[in-house]
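Student: In my numbering, each residue's number is its place in the sequence shown (first place is 1) plus 10. Even for Gly, the Cβ is constructed at its ideal location relative to N, Cα and C. The structure under discussion is supplied below as structure tokens; questions concerning it will follow.
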Amino acid sequence: MVQINIPTPLRKFTDDHSKLDLEGNTVLELIENLTEKYPSLRPFLLDGDSIRPYIKLFLGDQDIDSLERERTSLKEGDILSIIPAIAGGAI
Numbered sequence: 011m012v013q014i015n016i017p018t019p020l021r022k023f024t025d026d027h028s029k030l031d032l033e034g035n036t037v038l039e040l041i042e043n044l045t046e047k048y049p050s051l052r053p054f055l056l057d058g059d060s061i062r063p064y065i066k067l068f069l070g071d072q073d074i075d076s077l078e079r080e081r082t083s084l085k086e087g088d089i090l091s092i093i094p095a096i097a098g099g100a101i
């Protein structure tokens, strides 16, 4: 299982959970599993089969953009944090 940290603006879509433990071998697989469990999150996190560019994801303290982005491999005990854009529209 990988822990996902859910930011405050998105918690209304996850029954107010701040952390979730889900399965996933890659970042994209994990996010797809998250949006299967909470379908209302999908439009905020995914654009088709890709993670939206304005969503920042951190594996531990490392931005996945500096790794293999959505193809980044995950292992048991990893922690992925979702960081939404600060500026822009409303959720």
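1) Look at the alpha carbon of N43 and the alpha carbon of S76, and state the distance between them as a whole number of angstroms.
2) Just list the residues that DSSP pairs K66 with in beta bridges.
3) Classify I93: buried if its beta carbon has 16 or more other beta carbons within 10 angstroms, exposed otherwise.
4) Does the Cβ of T18 have 16 or more other Cβ atoms within 10 Å, making it buried, or fewer, making it exposed?
5) Could you give the uninterrupted runs of the alpha helix (DSSP H) lying entirely in the stretch 11–45, keeping only those of 4 residues or more?
6) With which residues is S8 paired in a DSSP beta bridge?
7) Name the one or two DSSP bridge partners that I61 has.
8) I'd like to check one pair, L56 with R62: are the Cβ atoms closer than 8 Å?
9) Could you tell me how far apart the beta carbons of L20 and L32 are, in whole angstroms, since I believe they sit closer than 8 Å?
Tutor: On the basis of the data shown:
1) Here residue 43 refers to the residue found at position 33 of the sequence shown. Here residue 76 refers to the residue found at position 66 of the sequence shown. Roughly 23 Å separates the two Cα atoms.
2) Mapped onto the sequence shown, residue 66 falls at position 56. Per DSSP, I93.
3) For this step, residue 93 is matched to residue 83 along the sequence shown. I93 comes out exposed.
4) If you number the sequence shown from 1, residue 18 lands on position 8. Exposed, since its Cβ has fewer than 16 Cβ neighbours within 10 Å.
5) none
6) Look at the range of the chain in this structure, 11 to 101, and you will see that residue 8 is not part of it.
7) Counted from its first residue, the sequence shown places residue 61 at position 51. Answer is L56.
8) If you number the sequence shown from 1, residue 62 lands on position 52. If you number the sequence shown from 1, residue 56 lands on position 46. It is a contact, given that the beta carbons lie within the stated cut-off.
9) Stepping through the sequence shown from its first residue, residue 20 is reached at position 10. Stepping through the sequence shown from its first residue, residue 32 is reached at position 22. No, L20 and L32 are not in contact; Cβ-Cβ is about 14 Å, not under 8 Å.
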